[in-house]
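S.K.: Let me begin by handing over the structure; questions about it come next.
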DNA sequence: TTCCAATGTGTAACCGGTTACACATGGTGG
DNA sequence: CCACCATGTGTAACCGGTTACACATTGGAA
C-alpha cells in the first residue's frame with residue numbers, strides 16, 4: 001500500500017502539501033494539486049484511516065449500542081443508522097448490551113480506546129456517571145428513548161404517552177368497554193410512559209382499577225404469560241393495550257390457544273409497528289413508531305455534534321400513528 | 001488519558017517493558033511486573049487501540065458484510081457474530097451491501113483503510129477479483145452461503161439441497177400429490193441449490209413439469225406475487241415448497257386473500273426458520289437453519305485465521321432440520 | 001518605495017503504541 | 001574457566017498520517 005510519503009515523492013512535493021490537499025485545509029496551488037492528484041491515481045493511494053485517527057483523533061467511527069439486534073425492533077433502526085453514517089463517511093460499530101451494565105461499561109471502554117467519534121445509545125441502564133465519563137473523553141452521545149429527566153445530551157424518541165392514549169381511544173371507538181394493559185419493565189422509560197398514557201386515558205372510567213394492568217417482559221413469552229394472568233383475573237376484559245408488539249404477538253397467540261377469539265371477544269392494540277405485526281392473522285393493530293426516521297434523525301444529530309455544528313442538546317419527539325388492523329376490527333364499534 | 005510513557009515513567013521502567021507486559025511477549029521480571037501493574041492501576045491506563053493498530057497492524061476489528069440487517073434472517077446471525085467477536089476481544093463493523101457491487105467495493109476500501117483484521121461476507125455478488133484484492137492486503141475472509149466452486153477462503157453454510165429434499169419429502173408424507181416450488185434469485189447459490197434439491201426430489205413423479213416452479217424475490221411481496229401466478233397456472237397444486245420463509249409468509253397471506261385454505265387445500269413449507277415463521281396462523285412449517293451456530297462457527301474460523309491458527313480453507317456445511325407445523329398439518333397424510 | 005496580507009510550500013514534532021536489536025547478568029555444561 | 005543460553009531491560013526506529021511554525025513570493029495599499 002502506498003503511503004503519503006510515496007505520493008509526496010512521486011509528485012515532488014512535501015507530505016504536508018499532500019495532506020493539505022487531502023483535507024482541503026490551507027492553500028494548494030492549482031498546478032501542484034494536479035501533480036499530486038496524478039500521483040495519487042498512479043499509486044492507487046488511499047489514506048490510512050488508522051494513522052489519521054491516531055494523528056487527528058478522528059476515526060470516522062460511530063458506535064451503536066442497543067440491547068439486542070435480534071429483537072425485531074432494532075434491525076430497522078440499525079439500518080437507518082448505518083445508511084446515514086455511510087453517506088457521511090462514517091462506519092458503524094455494532095454493540096449488543098443485553099441491557100447489562102457491565103457489558104455497556106465494557107463497550108464504553110472499547111470506545112474510548114478506539115477513539116470512536118460518537119455514540120448512539122439505546123439503553124435504560126446507563127447512568128449519569130457513565131455518561132459523564134464519556135463527556136470527559138469528549139465523545140458526543142445521542143440517546144434514543146431515554147428520559148429527558150437530566151438533559152446532558154440530545155435525545156431522540158417517540159411520543160409514547162400520546163401513543164398509548166391513541167391506542168386506548170381507538171379501542172374505545174371500536175366498542176371496547178373494559179380495557180386492560182400489559183406493560184413492560186418499568187425501568188424502561190418507554191414502558192413507563194406508555195403506562196402513564198394508558199392510565200391517563202382510562203382513569204375516569206368507572207370500570208378502571210389498577211388490577212387491570214399486568215407486567216410482562218417485552219418478549220413474546222412475556223406477553224403470553226401476562227395475558228393469561230390478566231384474563232383469568234378479569235375474564236370480562238374486551239380490549240387490550242399491550243406495551244409492545246412482541247408482547248402483543250405473544251398475547252394473540254396465547255388467546256387463540258385459550259379459545260378466546262380476537263377481535264370478537266377481545267380486541268388488541270400493540271405498540272412499535274414492527275414488520276411482523278402485519279403478518280399475523282388477524283393482523284395486529286398497533287401504534288407505529290417511525291423507526292427508520294428516528295434512526296436517521298439520531299444519526300444526523302450525532303454527526304452534527306461530532307463535526308462541531310451543534311452545541312445544544314435538542315430533544316426530538318416523533319409523532320406516532322395508529323395502524324388499525326384486524327385485531328381491532330370488532331364489528332362492535 | 002494516560003499513555004504508555006506515563007506508565008513507564010511512574011513505574012520507573014522503559015516503555016518497551018510496559019509493552020512487553022501488556023502483550024505478554026518477551027521476559028518481564030516478577031517484581032517489575034508488579035510495579036508496572038500498580039502504575040497502570042494508579043493512572044487508570046488503557047492501551048490505545050488506534051495506536052496499537054497503526055504500529056502492529058492489528059486493530060481487533062471484524063467487518064460483517066450482509067445484504068440488509070433489516071431482513072429477518074440476518075439479525076440473529078449478526079448477534080452470533082458479535083457475541084463471539086466480543087468474547088475474543090474483537091469489535092464488529094456492520095455493513096449493509098444491499099447486494100450492490102459498488103457498495104461492497106466501497107466497504108472493501110473502507111476495510112483496507114482501517115486495517116480491519118478480517119471479514120465475514122454474506123454475498124452472492126462478490127467476485128473472485130474482489131476477493132483477491134483482499135487477500136493481497138492479507139485480510140482473511142470467511143464466506144457464508146457462497147458456492148464452494150473455487151475455494152479461496154473458508155465457507156460456512158447449510159445443506160440447502162438436502163433441506164429442499166427434506167421439505168418435499170415431508171410434503172409428500174402429509175399427502176401432497178402435486179408440489180410446486182417458488183424459488184429465489186438464481187444468482188444466489190442458496191436459491192439455486194434449493195431448486196436443485198426440489199427437482200431432485202420431484203423429477204421422478206409423473207405430475208412434475210418445470211412450469212411448477214415460479215421465481216420470486218426472497219421478500220414477502222415476492223412470495224405473494226409468485227404464488228398468485230403459480231396457482232393460476234396450476235390450480236391443482238396441493239403443496240408448495242417455498243425458497244425462503246419471507247416468501248412463504250407472503251404466499252400464506254396471499255392464499256388467504258385468494259380464499260385458498262392452508263393447509264387443507266395447499267400445504268406450505270418454507271426455508272430458514274426465522275422467528276416470524278412460528279407466529280402466523282397456521283404456523284409455518286419450515287426447514288430450519290441453525291443461524292446462530294452458523295454465525296458462531298464462521299466467526300470462530302475467521303478469528304482462527306486472523307490469529308494464524310489455521311491455514312486451510314475448510315468448508316462447513318450445517319445440517320438443517322424440519323420444523324413441522326400448522327401449514328402442513330393436512331389431515332390427509 | 002515600503003509594508004503587510006494573502007498565497008504557497010517545506011520541516012519537523014507529534015499521536016501512542018510495537019519491536020528489532022543491543023546490552024547486561026547469572027547459571028550451567030564441558 | 002570459558003562458552004553459551006536463558007532471563008531481563010532499555011534505546012530508538014517505525015507505523016502513516018496531521019499540523020504548528022517558519023520561510024518564501026507576490027501584489028496592492030499607503
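Chains as they are written, first to last, in the UniProt record's numbering: chain Z, 1 to 333; chain E, 1 to 333.
Backbone N, C-alpha and C define an ideal beta-carbon position, used for all residues, glycine too.
According to the Cβ coordinates, are residue 34(E) and residue 28(E) closer than 8 angstroms?
M.R.: In this structure, residue 28(E) does not lie closer than 8 angstroms to residue 34(E) by Cβ.
S.K.: Can you check which of these residues, 162(Z), 153(Z) and 185(Z), is closest to residue 311(Z) by C-alpha distance?
M.R.: Nearest C-alpha to residue 311(Z): 153(Z).
S.K.: How do the stretch 89-98 of chain Z and the stretch 73-84 of chain E stand: do at least 3 beta-carbon pairs fall below 8 angstroms, yes or no?
M.R.: Yes, the stretch 89-98 of chain Z is in contact with the stretch 73-84 of chain E.
S.K.: Mind the definition here: the stretch 244-252 of chain E touches the stretch 180-195 of chain E only if three or more C-beta pairs lie below 8 angstroms; say whether that holds.
M.R.: Judged by Cβ distances under 8 angstroms, the stretch 244-252 of chain E makes contact with the stretch 180-195 of chain E, as three or more pairs qualify.
S.K.: Restricting to Cα atoms, I'd like to know which of 239(E), 218(E) and 284(E) is closest to residue 208(E).
M.R.: When only C-alpha atoms are compared, the closest one is 239(E).
S.K.: Beta carbon of residue 32(Z), beta carbon of residue 17(Z): below 8 angstroms?
M.R.: Taking 8 angstroms as the Cβ cut-off, residue 32(Z) and residue 17(Z) qualify as a contacting pair.
S.K.: Tell me the rounded alpha-carbon separation between residue 204(E) and residue 243(E).
M.R.: Going from the Cα of residue 204(E) to the Cα of residue 243(E) covers about 21 angstroms.
S.K.: Using 8 angstroms as the limit for Cβ to Cβ distance, is residue 223(Z) near chain E?
M.R.: It does not; no Cβ of chain E falls within 8 angstroms.
S.K.: When you compare the stretch 305-324 of chain E with the stretch 281-288 of chain E, are there three or more beta-carbon pairs, one atom per stretch, that lie closer than 8 angstroms?
M.R.: As far as the Cβ criterion goes, the stretch 305-324 of chain E touches the stretch 281-288 of chain E, which means the pair count is three or higher.
S.K.: Residues of the stretch 257-284 of chain E with a CB closer than 8 angstroms to any CB of chain Z: list them in chain order, please.
M.R.: The stretch 257-284 of chain E vs chain Z, Cβ under 8 angstroms: 275, 276, 279, 280 and 281.
S.K.: Which residues bound the alpha helix (DSSP H) around residue 338(E)?
M.R.: Shown here, chain E extends from 1 to 333; a query on residue 338(E) therefore has no answer.
S.K.: Enumerate, from N- to C-terminal direction, the unbroken alpha helix (DSSP H) stretches of 4 or more residues contained entirely within the stretch 115-144 of chain E.
M.R.: With a minimum length of 4 residues, the continuous alpha helix (DSSP H) runs that stay inside the stretch 115-144 of chain E are 128-136.
S.K.: What are the residues in the stretch 65-76 of chain E lying within 9 angstroms of chain Z by C-beta distance?
M.R.: Flagged, chain order: 68, 69, 70, 71, 72, 74, 75 and 76.
S.K.: Express the C-alpha separation of residue 118(E) and residue 139(E) in angstroms, rounding to a whole number.
M.R.: Spanning the two alpha carbons is a distance of roughly 5 angstroms.
S.K.: How should residue 58(Z) be labelled, buried or exposed, when 16 other C-beta atoms within 10 angstroms of its C-beta is the threshold for buried?
M.R.: It counts as exposed.
S.K.: For residue 285(Z), which residues does DSSP report across the bridge?
M.R.: Its beta-bridge partners are 269(Z).
S.K.: Going along chain E, which residues have a C-beta under 7 angstroms from residue 49(Z)?
M.R.: The answer, in chain order, is 113 and 114.
S.K.: Give the secondary structure of residue 92(E) by DSSP, where H, G and I count as helix, E and B as strand, and everything else as coil.
M.R.: It is a strand residue.
S.K.: Flag residue 169(Z) as yes if its beta-carbon sits less than 8 angstroms from any beta-carbon of chain E, otherwise no.
M.R.: Judged by the 8 angstroms Cβ criterion, residue 169(Z) is not in contact with chain E.
S.K.: Which one of 298(Z), 275(Z) and 43(Z) has the shortest CA to CA distance from residue 10(Z)?
M.R.: Selected option, being the one with the closest Cα: 43(Z).
S.K.: Contact between the stretch 41-56 of chain E and the stretch 60-77 of chain Z: three or more CB pairs below 8 angstroms?
M.R.: Counting Cβ pairs under 8 angstroms, fewer than three are found: no touch.
S.K.: Going along the chain, which unbroken runs of the beta strand (DSSP E) with 3 or more residues stay wholly within the stretch 203-254 of chain E?
M.R.: Entirely contained in the stretch 203-254 of chain E, the beta strand (DSSP E) runs reaching 3 residues are, in chain order, 213-215 and 239-242.
S.K.: Flag this pair as touching only if the stretch 154-174 of chain Z and the stretch 266-279 of chain Z have three or more C-beta atom pairs under 8 angstroms; answer yes or no.
M.R.: Touching, yes, given that three or more Cβ pairs across the two stretches are closer than 8 angstroms.
S.K.: Do residue 126(Z) and residue 294(Z) have their CB atoms nearer than 8 angstroms?
M.R.: Not a contact, by the Cβ cut-off of 8 angstroms.
S.K.: Quick one: which chain E residues come within Cβ less than 8 angstroms of residue 138(Z)?
M.R.: The contacting residues do not exist; residue 138(Z) stays about 11 angstroms from chain E at best.
S.K.: Please name the residues in the stretch 87-98 of chain Z whose beta-carbon is closer than 7 angstroms to at least one beta-carbon of chain E, in chain order.
M.R.: So the close ones are 91, 92, 93, 94 and 96.
S.K.: Starting from the C-beta of residue 142(Z), find all residues in its chain whose C-beta is less than 6 angstroms away, skip the five residues before and the five after it, and write them out in chain order.
M.R.: Closer than 6 angstroms at Cβ, skipping near neighbours: 120, 154, 298, 301 and 302.
S.K.: At a CB-CB cut-off below 9 angstroms, which residues of chain Z make contact with residue 78(E)?
M.R.: 69, 70, 75, 78, 94 and 96, listed in chain order.
S.K.: Which residues in the same chain have their Cβ closer than 6 angstroms to the Cβ of residue 195(E), if we skip the five residues on either side of it in sequence?
M.R.: Once the five neighbours on either side are set aside, the close Cβ partners of residue 195(E) are 183.
S.K.: Please list the residues of the stretch 101-134 of chain Z that have a C-beta atom closer than 7 angstroms to any C-beta atom in chain E, keeping them in chain order.
M.R.: Answer set for the stretch 101-134 of chain Z: 109, 110, 112, 113, 114 and 115.
S.K.: For a test of the three-state rule: what should DSSP assign to residue 323(E), helix, strand or coil?
M.R.: In the structure shown, residue 323(E) sits in a strand (DSSP, three-state: E or B).
S.K.: Does DSSP put residue 3(E) in a helix, in a strand, or in coil?
M.R.: In this structure, residue 3(E) counts as coil in the three-state DSSP scheme.
S.K.: Put residue 69(Z) into one of helix, strand or coil per three-state DSSP.
M.R.: It is coil, neither helix nor strand.
S.K.: Quick check: residue 273(E) and residue 236(E), are their CB atoms within less than 8 angstroms of each other?
M.R.: Not a contact, by the Cβ cut-off of 8 angstroms.
S.K.: Quick one: measure Cβ to Cβ for residue 112(Z) and residue 137(Z), integer angstroms, because I've assumed they're closer than 8 angstroms.
M.R.: Indeed, because the Cβ distance is near 5 angstroms, the residues count as touching under 8 angstroms.
S.K.: List the endpoints of the continuous alpha helix (DSSP H) containing residue 28(Z).
M.R.: Taken as a continuous stretch (DSSP letters only), residue 28(Z) belongs to no alpha helix (DSSP H), as it is neither H nor E.
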